[in-house]
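First residue of the sequence shown: 1026, per my numbering; consecutive thereafter. Glycine included, every Cβ here is placed at the ideal spot set by N, Cα and C. Since the model is a prediction, treat every value here as computed from it, not as a measurement. Reading through the structure tokens given below for one structure.
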Amino acid sequence: MEGAVDPSRSFMKDVKRVIIKVGTAVVTREEGRLAVGRLGALCEQIKQLNSLGYDIILVSSGAVGIGRQRLRFRKLIHSSFADLQKPQLELDGKACAAVGQNSLMALYDTLFTQLDVTSAQLLVTDNDFRDKDFRKQLTETVESLLALKVIPVFNENDAVSTRKAPYEDSSGIFWDNDSLSALLALELRADLLVLLSDVEGLYSGPPSDPHSKLIYTYNKEKHQNEITFGDKSRVGRGGMTAKVKAAVHAAEAGIPVVITSGFAAENIINVLQGKHIGTLFHKDAHEWAQVKEVDAREMAVAARECSRRLQALSSEERKQILLKIADALEANEKIIRIENEADVTTAQEAGYEKSLVARLALKPGKIATLANNMRIIANMEDPIGRVLKRTELSDGLILEKTSSPLGVLLIVFESRPDALVQIASLAIRSGNGLLLKGGKEAKRSNAILHKVIIEAIPDNVGGKLIGLVTSREEIPELLKLDDVIDLVIPRGSNKLVSQIKSSTKIPVLGHADGICHVYVDKSANVEMARRIVLDAKVDYPAACNAMETLLIHKDLIEKGWLNDIILDLRTEGVILYGGPVASSLLNIPQALSFHHEYSSLACTVEIVDDVYAAIDHINLYGSAHTDSIVAEDNEVANVFLRQVDSAAVFHNASTRYSDGARFGLGAEVGISTSRIHARGPVGVEGLLTTRWILKGTGHVVDGDRGIVYTHKDLAT
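As structure tokens, then:
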């Protein structure tokens, strides 16, 4: 995802000297005044990097624009009404530069002084660099300043430049501050050049065009003839064209360059942390993996083409594919277990949370269970092409509503490699193409499972039916492919689901949290309640259908059952937190929030007055996943079942039953808390849509003349 650490930027850890170029569009606001807030944030980042030991050199544009704005204002207030009626001549650029440079450096000095940082101004011209002695002295001066932790601030001295129109003339050693920053990067032996712009980076077309895509790594051979540039900067000289030219020049000389937004907070720090933002220019880019922007689309298109070939097969042929995969899983169990154990060991050594490691492990018997569930799915009634409704519209004109595959699914999941097998089996049975992105912690497990599965898919369908996405860099591009991908199903943390929902126009099916409740009513069979509560929490604490909050009717306090269940939970190692009432009564820590998913041996306990209070609590703090009531009073239970607004609501049963396999679905792609399309555990039916088949005998509308509509329901 965008902002994640990018392996191709691992060289950032060795960067020490950084040149930061900030453009006029970043320095000033649209009306020409200084953007004090943005400059303040920039100076704070530079202060932080300076204190971390980086050598920071700043190249700042903006003097001409600021000076022009100030001189225009001064001219306006000293003009008569008659003067204003005359044609207004453009102000001299050199005068603007002289006035603006003074204001610009005054602001930098003020901002850096507030941060206890010293800055120094260095103004240079094109002709200066023709002098060998000047270049030597410049290097020595900058080295002295950096040794003293002073921030050198460079700008072209437009006021005395020998060029008549430095903002238009592109001759010479450098012709704007982008090319100046590239020249300085070479002269001062920088490790990295960062060009700050008013957009996120280099796009394949004008950034305002919705079809333009952000290019994360620039490949000259590929991109130089494909990119369409938009307008130049609203205030600077060359806009993105100048930045790309300077970046290519520096990169070819061995200095990596990143073009990124100067508007986003912490962007410079994020770049140095190797995060996946902006556009990287690197001399070795052509040797790296193929450009991901194309790979993402090709992978999705290939999955769609293979899915159409899969749909063309008979039901029996699709069934045999699944049975063959099930056999292959069992035949390769040994190597699958070896790869999975390697992932588990790596995760443990890396200090991952126990709940994640638990989801990662394929325990003994798991492969056999997955294979058996796949056989169950294979033997289900063919879900494709089922006639759901048949209607006679008119004599001899029959309309059928039939089930149909969605198309191409993108599933992003964390930790659980068994999810890959379940999802693949459902996709094949439902005739859908599939793109899978698992967590890096399950990299080896996912790779071997994917290999086993696609090798069992016949050539007349093609192994590209199921694509395995191996780089997070591909996800942002996949999420843009709303013309190829039909549904995204994220399975993982709240953060993952929220990020995906905010990053795509593709419909998203899933749940962000699994905050499941068990309410124990005063009418409950207490022994049954004990078994259900312990099972819901202890059976598999990391599961999304595990109990996270236990609600207890107040009358059970006097009956002594509250103390009994608390003791039982503690005996099982469950850490308890309380709501306002329970924490005081039981002397346990108060929960920071009722809306919290522990995914571990921990839960929240609260006391409620009655079933209506329990319902209000669940509807307010729950996640609409799965909630259960334990009660012998059927009237109370029915109130709970009717009024709790969740995807799955149970009576006298553990929340752990909320599972595709346990529901008889064979497997599940996930559990949906959405209210549109599918809800609860999503099996084969949740991966289908409908289409209409109309069969006539030469029927035409002809203004509805001479036709009698019958709209008669027919047997399917």
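Closest residue to residue i among the options (Cα-Cα distance)
i, options, result
"I1071", "T1138, G1092, L1129", "T1138"
"I1525", "K1462, L1354, D1203, R1556", "K1462"
"S1527", "D1080, D1407, L1504", "L1504"
"G1689", "F1675, G1708, S1699", "G1708"
"Y1637", "H1578, Q1073, F1675, P1566", "H1578"
"S1671", "R1687, Y1682, T1698", "T1698"
"D1634", "R1595, N1570, C1569, V1545", "V1545"
"V1149", "L1208, L1140, I1176", "L1208"
"H1236", "A1678, D1507, H1542, K1547", "D1507"
"D1203", "T1574, L1218, Y1133, K1308", "L1218"
"G1604", "S1548, N1588, L1576", "L1576"
"G1647", "K1547, L1581, C1541", "C1541"
"N1757", "K1157, R1155, N1677, S1076", "Any question about residue 1757 goes unanswered here, given that the chain covers just 1026 to 1741."
"N1127", "V1477, L1147, I1478, A1050", "L1147"
"L1220", "E1498, I1044, N1588, L1413", "I1044"
"E1342", "D1420, S1455, S1440", "S1455"
"V1661", "I1640, L1645, S1523", "I1640"
"L1512", "A1703, F1288, G1723, K1547", "A1703"
"S1206", "L1305, T1394, D1443, V1047", "V1047"
"V1040", "G1078, T1304, V1273, V1664", "G1078"
"L1347", "E1168, C1121, A1481, K1414", "A1481"
"A1328", "E1657, D1729, G1691, I1453", "I1453"
"V1296", "G1723, A1396, L1064, Y1241", "Y1241"
"A1372", "A1386, R1362, I1360", "A1386"
"I993", "V1167, T1049, S1076", "Limits of the chain in this structure are 1026 at one end and 1741 at the other, which puts residue 993 out of reach."
"A1308", "T1285, A1088, G1279", "Residue identity check: residue 1308 is Lys in the sequence provided, not Ala. K1308 has its Cα closest to that of G1279, out of T1285, A1088, G1279."
"A1289", "A1267, G1723, E1225, N1244", "E1225"
"E1246", "M1265, G1230, P1231, V1273", "V1273"
Residue i, buried or exposed, once every other Cβ within 10 Å from all chains shown has been counted against 16
i, result
"G1263", "Residue confidence is low: G1263 scores 49 on pLDDT, short of 50, so the model does not pin down where it sits. Its coordinate-derived value is still stated next. G1263 is buried by the Cβ-count criterion."
"E1318", "Model confidence at E1318 stands at a pLDDT of 41, short of 50, so the residue's coordinates are unreliable and nothing is read from them."
"V1725", "exposed"
"R1058", "exposed"
"V1733", "exposed"
"R1765", "This structure leaves residue 1765 out entirely; the chain is present only between 1026 and 1741."
"P1614", "exposed"
"P1389", "exposed"
"T1735", "exposed"
"A1337", "exposed"
"W1717", "exposed"
"Q1094", "buried"
"H1311", "exposed"
Integer Cβ distance of residue i from residue j, believed to fall under 8 Å
i, j, result
"I1436", "L1459", "7 Å"
"G1125", "G1090", "7 Å"
"L1712", "N1404", "18 Å between Cβ atoms; not a contact."
"L1129", "S1186", "No, L1129 and S1186 are not in contact; Cβ-Cβ is about 16 Å, not under 8 Å."
"I1402", "L1451", "7 Å"
"R1516", "G1539", "About 11 Å separates the two Cβ atoms, so there is no contact after all."
"L1381", "S1440", "5 Å"
"E1573", "C1628", "6 Å"
"A1325", "V1433", "6 Å"
"S1679", "I1557", "5 Å"
Neighbour flag for residue i against chain C, beta carbons, 7 Å
i, result
"A1123", "Chain labels in this structure do not include chain C; a single protein chain is all it has."
Sheet register partners of residue i (DSSP bridge)
i, result
"S1428", "T1715"
"S1541", "Rather than Ser, the amino acid found at residue 1541 in this sequence is Cys. Beta-bridge pairing links C1541 to M1572."
"P1706", "I1696"
"H1578", "V1633"
"A1673", "T1651"
"G1299", "Answer is none; G1299 lacks a bridge partner."
"K1737", "E1417"
"Y1228", "L1239"
"I1044", "I1082, L1218"
"K1462", "V1437"
"V1283", "V1219, L1305"
"I1423", "E1417, K1720"
"V1269", "According to DSSP, V1269 bridges with nothing at all."
"V1412", "T1427"
Exercise. What residue ranges within the segment 1475-1538 form continuous alpha helix (DSSP H) runs of no fewer than 4 residues, ordered along the chain?
Worked result: 1499-1503, 1519-1526
Exercise. What are the start and end residues of each continuous alpha helix (DSSP H) run of 4 or more residues lying completely inside the segment 1046-1071, in chain order?
Worked result: 1049-1052
Exercise. Considering only residues of the segment 1137-1214, which uninterrupted alpha helix (DSSP H) runs meet the minimum length of 4 residues and lie entirely inside it, listed in chain order?
Worked result: 1157-1172, 1202-1212
For this session: Please go through the segment 1592-1659 and give each complete alpha helix (DSSP H) segment of 4 or more residues, from N-terminal end onward.
Result: 1605-1611, 1636-1646
Problem set entry | Inside the segment 1322-1371 only - alpha helix (DSSP H) runs reaching at least 4 residues | 1340-1356
Problem set entry | Uninterrupted alpha helix (DSSP H) stretches inside the segment 1367-1406 (no shorter than 4 residues) | 1379-1385, 1391-1403
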